[in-house]
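Count the sequence shown with the numbering used here and you get residues 3 to 547, in order. Beta carbons are placed, not taken as given, at the ideal position from N, Cα and C, and that holds for glycine.
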Amino acid sequence: MTRALTRRLTVRFGLALFLGSGLILAAASVWNLRLQRRHLTHLVEARAIETADVFRAATRDAMMRNDPAQVRQIISTAAGGDTVERIRVFDKQGRIRVSSEGGEIGRLVDIAAEQCHSCHAQGEPLTVLPGEDRTRVFRNGDGSRVLGVIAPIHNEPGCAQAACHAHPATQTVLGVLDVQLSLRTVDRDMAASENQLMLAVSGSVLAVLALAGLLTWRMVLRPVERLTEATVQVAGGDFSRRIPVASQDELGRMTEAWNQMIDRLGEAHHEVERWSRTLESRIEAKTRELSEAHEGMLQAERMVSLGKLAAVVAHELNNPLTGIATYAQLLRRRAGDASDPDTARILEMISEESRHCGDIVRNLLLFSRTPGAPTANEDLVPVLERCEMLLRHAAQLQEVEFEVRVSDRPLRLACDPAQMRQLVLALSLNALEASPKGSRVSICAARDPSGEDVWLRVEDEGRGIDADDVPKLFEPFFTTKEEGKGVGLGLAVVYGIVQRHHGEILVETLEGVGTAFTIRLPVEVQGNNVRKSPKPDTDTAREGG
Ligand code: ADP
Numbered sequence: 003m004t005r006a007l008t009r010r011l012t013v014r015f016g017l018a019l020f021l022g023s024g025l026i027l028a029a030a031s032v033w034n035l036r037l038q039r040r041h042l043t044h045l046v047e048a049r050a051i052e053t054a055d056v057f058r059a060a061t062r063d064a065m066m067r068n069d070p071a072q073v074r075q076i077i078s079t080a081a082g083g084d085t086v087e088r089i090r091v092f093d094k095q096g097r098i099r100v101s102s103e104g105g106e107i108g109r110l111v112d113i114a115a116e117q118c119h120s121c122h123a124q125g126e127p128l129t130v131l132p133g134e135d136r137t138r139v140f141r142n143g144d145g146s147r148v149l150g151v152i153a154p155i156h157n158e159p160g161c162a163q164a165a166c167h168a169h170p171a172t173q174t175v176l177g178v179l180d181v182q183l184s185l186r187t188v189d190r191d192m193a194a195s196e197n198q199l200m201l202a203v204s205g206s207v208l209a210v211l212a213l214a215g216l217l218t219w220r221m222v223l224r225p226v227e228r229l230t231e232a233t234v235q236v237a238g239g240d241f242s243r244r245i246p247v248a249s250q251d252e253l254g255r256m257t258e259a260w261n262q263m264i265d266r267l268g269e270a271h272h273e274v275e276r277w278s279r280t281l282e283s284r285i286e287a288k289t290r291e292l293s294e295a296h297e298g299m300l301q302a303e304r305m306v307s308l309g310k311l312a313a314v315v316a317h318e319l320n321n322p323l324t325g326i327a328t329y330a331q332l333l334r335r336r337a338g339d340a341s342d343p344d345t346a347r348i349l350e351m352i353s354e355e356s357r358h359c360g361d362i363v364r365n366l367l368l369f370s371r372t373p374g375a376p377t378a379n380e381d382l383v384p385v386l387e388r389c390e391m392l393l394r395h396a397a398q399l400q401e402v403e404f405e406v407r408v409s410d411r412p413l414r415l416a417c418d419p420a421q422m423r424q425l426v427l428a429l430s431l432n433a434l435e436a437s438p439k440g441s442r443v444s445i446c447a448a449r450d451p452s453g454e455d456v457w458l459r460v461e462d463e464g465r466g467i468d469a470d471d472v473p474k475l476f477e478p479f480f481t482t483k484e485e486g487k488g489v490g491l492g493l494a495v496v497y498g499i500v501q502r503h504h505g506e507i508l509v510e511t512l513e514g515v516g517t518a519f520t521i522r523l524p525v526e527v528q529g530n531n532v533r534k535s536p537k538p539d540t541d542t543a544r545e546g547g
């Protein structure tokens with residue numbers, strides 16, 4: 003708690019200010035007091051010397067007349083008040099000749115004592131004393147201070163020539179008048195004045211401190227505290243805080259600069275955030291693209307393997323199937339009309355089934371990468387018209403609206419028309435089969451604006467395809483139709499044909515809404531320069547809405 007307090011700038015600053023100003027003002031006061039005291043002492047000493055000289059003058063006549071009673075009378079009268087403690091006269095030998103305290107008259111004092119020391123400090127006693135050497139301060143019995151002043155009594159011509167008590171002319175100083183003044187009142191006044199001064203100093207210290215504290219708090223500490231709070235907020239990620247600029251001084255300019263800095267910092271922060279979001283979304287998109295590409299590659303590899311397998315199987319089955327069909331026909335011919343109806347029916351079934359197997363083998367060969375019929379520059383329009391003719395009847399039976407739209411006539415491209423017909427029929431039959439009554443199936447064909455490609459699109463409003471089934475659509479023998487209705491070779495054949503024509507397939511489907519197969523076919527196939535699509539593109543985006 004104490005540590006936390008001492009860490010606060012306000013507390014530390016206040017303490018330093020308090021101690022510093024206190025020390026300075028205390029030192030100034032002590033110095034001032036000492037000056038005052040010295041000044042007062044000088045004044046008191048001067049007054050005391052004057053007083054001693056007055057007493058000496060007052061007693062001069064009586065001394066000249068050698069009238070000790072008169073001298074005593076004057077002295078006793080003068081010493082009666084509060085100020086004069088004692089007045090006495092010493093002769094040259096240090097004997098007290100006259101004193102306001104009668105009891106000590108005639109006593110011999112030690113000339114090394116305080117009142118004699120000034121003149122008798124050296125071997126030969128002084129005859130003239132400078133002012134400051136005439137005074138001394140000492141304490142009397144009750145502990146109060148007393149200022150002693152001596153006034154040497156010089157040998158005047160009147161004294162040397164007097165008949166009564168002549169002193170030799172060689173004697174310059176006859177004795178000393180010692181006046182002792184009480185400093186009690188002076189000390190009391192001085193103490194009172196010291197107390198007043200101390201009170202004034204303490205009050206000044208407090209007032210200066212309060213004023214300095216108030217000004218410092220308003221002009222420095224409060225702005226600094228605001229700045230600190232705002233900095234903490236900014237460090238926490240909140241860039242909205244601005245500090246009001248309250249002055250035009252250094253702190254005001256610093257606050258202004260701080261606000262500008264936070265503006266820029268906020269902008270930079272938002273920019274960095276925006277970039278990081280963009281970067282994240284780009285990374286996500288690229289990762290998605292990569293994984294799609296990877297999936298596509300796997301799919302393409304699987305399709306290639308399946309194609310090879312299909313080619314081998316088809317080739318291997320082709321010869322035995324041809325043999326079965328040929329021998330079945332031979333048997334039928336040999337038996338002729340003589341054979342019983344059962345044998346004839348069985349032979350007919352063998353021929354039919356082997357023809358069916360032959361169809362499958364042919365489709366397998368179409369799916370595989372075996373080269374098909376040579377492609378030539380053919381018009382797709384008659385192919386589409388023929389398909390329309392073949393399909394219209396089936397569409398009418400199913401009560402499905404059927405339309406073929408061709409944007410460009412003629413629509414030439416390097417293709418095998420028979421394979422094109424097979425492709426359009428396979429896609430359209432699937433579309434019709436998946437379409438409910440009253441829905442619509444459409445075939446659209448157009449040339450790409452670049453003139454390099456032809457687009458063919460077969461679209462329906464049928465049941466759509468399950469998203470899990472989409473990747474398997476072009477695999478041979480994949481079917482969702484019940485047994486006997488579908489073999490699962492239609493789309494495999496479409497895939498093989500598109501591959502052979504160096505095109506691409508895109509599937510868009512949404513369950514319950516419909517399906518669209520879009521095929522891009524290059525208009526020209528030139529050696530290796532053709533654009534190839536190793537895999538069919540599938541797009542179930544419509545599924546996700
Ligand atoms: P098949 O028609 O003999 O089943 P396909 O290769 O032509 O074989 O089709 C494979 C599967 O693809 C079909 O069984 C069907 O589930 C699905 N399919 C193809 N086209 C469509 C379509 N337009 N709408 C819904 N499903 C389709």
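In the DSSP assignment, what are the bridge partners of residue i?
i: H156; result: V175
i: I521; result: L458, I507
i: F15; result: DSSP, once it has assigned bridges, lists no residue as partnering F15.
i: G24; result: G24 pairs with nothing; no bridge assigned.
i: G516; result: L512
i: T137; result: V151
i: S184; result: V148
i: S444; result: E405, E461
i: A420; result: In DSSP, A420 forms no bridge with anything.
i: L429; result: In the DSSP output, where bridge partners are listed per residue, L429 has none listed.
Distance, Cα to Cα, residue i vs residue j?
i: A433; j: V443; result: 7 Å
i: G466; j: Q262; result: 59 Å
i: E87; j: L199; result: 30 Å
i: E273; j: F241; result: 13 Å
i: E196; j: I51; result: 26 Å
i: L319; j: E513; result: 38 Å
i: P419; j: P384; result: 9 Å
i: V56; j: L217; result: 59 Å
i: L27; j: L211; result: 11 Å
i: Q331; j: D344; result: 15 Å
i: V91; j: L201; result: 45 Å
i: G22; j: A270; result: 46 Å
i: T1; j: H503; result: This structure does not reach residue 1, given that the chain is present from 3 up to 547, and the question cannot be answered.
i: K537; j: I499; result: Residue placement at K537 is flagged as unreliable, the pLDDT there being 46, under the threshold of 50; the coordinate-derived value follows with that caveat. If you take the alpha carbons of K537 and I499, they lie about 12 Å apart.
i: Y497; j: L523; result: 12 Å
i: A259; j: G215; result: 26 Å
i: H44; j: R14; result: 44 Å
i: F20; j: E252; result: 25 Å
i: P70; j: R186; result: 30 Å
i: D471; j: V509; result: 12 Å
With a 10 Å radius around its C-beta and 16 neighbouring C-beta atoms as the bar for buried, classify residue i as buried or exposed.
i: N365; result: buried
i: T79; result: exposed
i: I264; result: buried
i: S430; result: buried
i: N34; result: exposed
i: T1; result: The requested residue 1 does not occur in the structure, where the chain is confined to residues 3 to 547.
i: M351; result: exposed
i: D455; result: buried
i: Q501; result: buried
i: L17; result: exposed
i: Q250; result: exposed
i: M65; result: buried
i: L110; result: exposed
Considering Cα atoms alone, identify which of the options is closest to residue i.
i: D112; options: E103, V100, G104, Q95; result: Q95
i: A494; options: G268, I98, G309, R347; result: G309
i: E435; options: T481, D470, P524; result: T481
i: R58; options: N379, G505, D180, S293; result: D180
i: A447; options: K439, S441, W457; result: W457
i: R304; options: F476, R502, V13; result: F476
i: A153; options: E47, E405, W277; result: E47
i: R243; options: V234, A270, G486, D251; result: V234
i: S206; options: G24, S409, I445; result: G24
i: R190; options: L427, A316, T137, L42; result: L42
i: E227; options: E405, Q250, T257; result: T257
i: R388; options: E405, F20, Q400; result: E405
i: R411; options: R99, E380, R138; result: E380
i: L413; options: V402, E403, G453; result: G453
What beta strand (DSSP E) runs, 3 residues minimum, are completely inside the segment 313 to 390? 378 to 381
Uninterrupted alpha helix (DSSP H) stretches inside the segment 77 to 117 (no shorter than 4 residues): none
Give, in chain order, every unbroken run of the beta strand (DSSP E) that is at least 3 residues long and sits entirely within the segment 44 to 68. Runs found: none.
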